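J.: One structure coming up, written as structure tokens, with questions to follow.
And the structure:
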């Protein structure tokens with residue numbers, strides 16, 4: 031069957047996609063909360079003030095969570111999913127927990143989806159935790175990416191948080207992903 | 626200098642002469658805002674792993690039943706043509722996507738969004754927000770009641786108008802199936818003029834975004850009905866029977 035084409039989220043997505051605490055996978059006051067944040071930039075290096083990021087991640091033990099409650103957060107259930115819009119400076123932020131490895135020796139990452147006004151279809155990428163160089167060196171995706179572009183997929187650590195910038199185009203362009211069934215559907 | 630509709634039409638025609646896939650071209654300069662906002666490097670093909678083989682779960686605690694009725698969110702009745710939109714969310718192999726979240730947002734009947742950035746001098750409707758949410762049923766069916774949105778002007782070029790549409794955000798059963806798109810109404814005269822719609826250069830693929838009028842969805846003395854099925858890409862993980870229970 032032919033897959034429906036995507037279309038841009040447009041300029042008015044806040045109306046339909048925003049909701050209370052959408053970017054708080056845990057309350058910021060949670061003792062293990064980290065701030066995952068960064069900027070979205072366009073091909074001129076200008077911030078993109080009308081982008082949306084979604085993250086989807088394992089819990090700190092590496093379990094893939096199957097819990098509802100991302101839209102009505104109860105403050106206790108970790109659902110592994112959140113959404114953040116960029117502000118007028120092109121900045122987004124999440125309060126979350128750091129994902130664990132889902133298999134022994136695998137590199138923990140946030141799966142990231144990017145939408146924006148001006149972006150005709152959503153983009154996929156990953157934000158890896160930066161800490162273990164051996165694990166990162168053995169990661170299938172990172173190994174397959176040109177060395178000079180690998181850093182676009184790896185968050186950097188700062189006190190209390192992780193920084194992950196998204197560059198839609200140009201110098202330092204983020205590596206964006208596609209998957210076999212997407213290629214099949216559109217071949 | 627600001628482009629005219631004739632300039633845009635020429636660009637659209639030129640782009641249509643190149644062979645295009647069924648997805649929008651993310652490099653589509655007739656949509657002016659796309660010029661600096663698309664990657665120039667090819668997308669990197671990988672086999673999905675870990676969380677990418679799963680989608681977030683949503684349930685009845687996330688979405689109230691009445692969020693699927695955009696006409697009852699205020700004290701009064703919104704102005705415009707009352708419609709019901711329904712259809713099924715299916716994966717690329719034709720399997721229903723059950724218990725999954727569908728979000729919609731739209732302009733009101735006059736073509737005005739309830740959004741600070743919408744400066745179109747058409748009236749707001751105090752009885753219409755234009756936002757809905759619902760979960761798909763066991764057979765992938767979604768259904769909501771709303772008001773038919775109006776077309777509206779935008780500033781892509783001089784005298785640019787968007788065909789009437791409803792924005793849809795849809796999740797599949799794995800992360801890779803995530804879709805945000807727009808549903809259009811049949812026979813809209815603005816189709817050939819709109820660079821966002823025409824960024825899908827394959828005409829058969831564009832048809833997939835156009836709802837069909839369905840008299841069986843129309844209700845006597847109440848509302849007209851439209852049917853629109855949403856086919857996602859295929860899953861990379863063979864769904865199990867237990868997935869449905871897990872999501873319940």
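Protein chains in written order, with our numbering: chain A, 31 to 217; chain B, 626 to 873. Just so it is clear, CB atoms sit at the ideal spot from N, CA and C, and this is done for glycine as well. Note that this is a predicted model, so its numbers are computed, not measured.
Assuming residue 132/A and residue 142/A are in contact, meaning their beta carbons sit under 8 Å apart, how far apart are those beta carbons, in whole angstroms?
T.: That belief does not hold up - the Cβ atoms of residue 132/A and residue 142/A are roughly 16 Å apart, past 8 Å.
J.: Go through its chain and collect everything with a Cβ distance to residue 806/B's Cβ below 6 Å, but skip five positions before and after it.
T.: Once the five neighbours on either side are set aside, the close Cβ partners of residue 806/B are 793.
J.: DSSP on residue 188/A, reduced to helix/strand/coil?
T.: It is a strand residue.
J.: Is DSSP giving residue 94/A helix, strand or coil here?
T.: Three-state DSSP puts residue 94/A in coil, outside helix and strand.
J.: Got a sec? Which residues, its chain only, sit under 7 Å from residue 903/B by beta carbon, not counting five neighbours each side?
T.: As displayed, chain B neither begins before 626 nor continues past 873, which places residue 903/B out of reach and without an answer.
J.: Counting contacts by CB-CB distance shorter than 8 Å, is residue 681/B in contact with chain A?
T.: Closer than 8 Å to some Cβ of chain A, the Cβ of residue 681/B qualifies, so yes.
J.: Compute the beta-carbon to beta-carbon distance between residue 704/B and residue 750/B, rounded to the nearest angstrom, for a pair I have assumed lies under 8 Å.
T.: That pair is a contact at about 6 Å.
J.: Beta-carbon separation of residue 649/B and residue 37/A under 8 Å?
T.: It is a contact, given that the beta carbons lie within the stated cut-off.
J.: Tell me whether the stretch 185–197 of chain A and the stretch 63–73 of chain A touch, counting them as touching only if at least three CB pairs, one residue from each stretch, are closer than 8 Å.
T.: Yes, the stretch 185–197 of chain A is in contact with the stretch 63–73 of chain A.
J.: Would you say residue 655/B and residue 828/B are within 8 Å of each other, going by their C-beta atoms?
T.: No; because the gap between Cβ atoms is not below 8 Å, this pair is not in contact.
J.: Can you tell me which of 82/A, 127/A, 149/A puts its alpha carbon nearest to the alpha carbon of residue 49/A?
T.: Cα-wise, what sits closest to residue 49/A is 82/A.
J.: Considering only residues of the same chain and omitting the five flanking positions on each side of residue 203/A, which have a CB-CB separation below 6 Å?
T.: Answer for residue 203/A: 197, listed in chain order.
J.: Among 752/B, 856/B, 778/B, 771/B, whose alpha-carbon lies nearest the alpha-carbon of residue 802/B?
T.: Residue 856/B is the option with its Cα nearest to residue 802/B.
J.: Is the beta carbon of residue 672/B sitting closer than 8 Å to the one on residue 798/B?
T.: Result no, Cβ atoms of residue 672/B and residue 798/B do not sit closer than 8 Å.
J.: Cα separation between residue 207/A and residue 144/A?
T.: Going by the C-alpha atoms only, they are around 11 Å apart.
J.: Say whether chain B places a C-beta atom closer than 8 Å to the C-beta of residue 79/A.
T.: Chain B contact via Cβ: absent.
J.: Closer than 7 Å by beta-carbon distance: list the chain B residues that pair up with residue 98/A, in chain order.
T.: 682, 683, 684, 686, 687, listed in chain order.
J.: Evaluate residue 685/B with the Cβ neighbour count: other Cβ atoms within 10 Å of its Cβ, from every protein chain shown; 16 or more gives buried, anything less gives exposed.
T.: When all chains shown are included, residue 685/B counts as exposed.
J.: Following the continuous alpha helix (DSSP H) through residue 166/A, name the residue where it begins and the one where it ends.
T.: Note, residue 166/A: alpha helix (DSSP H), 163–167.
J.: By the DSSP assignment, the beta strand (DSSP E) with residue 83/A in it spans what residues?
T.: That run of the beta strand (DSSP E) goes 81–86.
J.: Looking only at DSSP bridge pairs, what is residue 694/B linked to?
T.: 770/B, per the DSSP bridge assignment.
J.: Of all the residues that make up the stretch 162–176 of chain A, which are near chain B by a beta-carbon distance shorter than 8 Å?
T.: Taking 8 Å as the Cβ-Cβ cut-off against chain B, the residues of the stretch 162–176 of chain A that qualify are 170, 171, 174, 175.
J.: Three or more beta-carbon pairs under 8 Å between the stretch 161–179 of chain A and the stretch 51–61 of chain A, yes or no?
T.: The answer is no - the stretch 51–61 of chain A does not touch the stretch 161–179 of chain A, with fewer than three Cβ pairs under 8 Å.
J.: Specify, as a first and last residue, the run of the alpha helix (DSSP H) that residue 633/B falls within.
T.: Element bounds for residue 633/B: 630–642.
J.: Does the distance from the C-beta atom of residue 814/B to that of residue 838/B stay below 8 Å?
T.: No, Cβ-Cβ distance for residue 814/B and residue 838/B is not below 8 Å.
J.: Looking at the ligand ZN, does it come within less than 7 Å of residue 48/A, judged from the CB to the closest heavy atom?
T.: In the structure shown, the ligand ZN is absent, as is every other ligand, since no ligand is present at all.
J.: Alpha carbon to alpha carbon, how far is residue 850/B from residue 841/B? Give it in angstroms, no decimals.
T.: Roughly 7 Å between the two C-alpha positions.
J.: Rounding to the nearest angstrom, what Cα-Cα distance links residue 627/B and residue 844/B in this structure?
T.: Their backbone Cα atoms lie some 45 Å apart in a straight line.
J.: Looking at the unbroken beta strand (DSSP E) that takes in residue 156/A, where does it start and where does it end?
T.: Segment 153–158, the beta strand (DSSP E) holding residue 156/A.
J.: For chain B, find out if any of its Cβ atoms is closer than 8 Å to the Cβ of residue 74/A; answer yes or no.
T.: Yes, residue 74/A counts as interfacial toward chain B.
J.: Where does residue 62/A fall in DSSP's three states?
T.: The answer is coil: DSSP assigns residue 62/A none of H, G, I, E or B.
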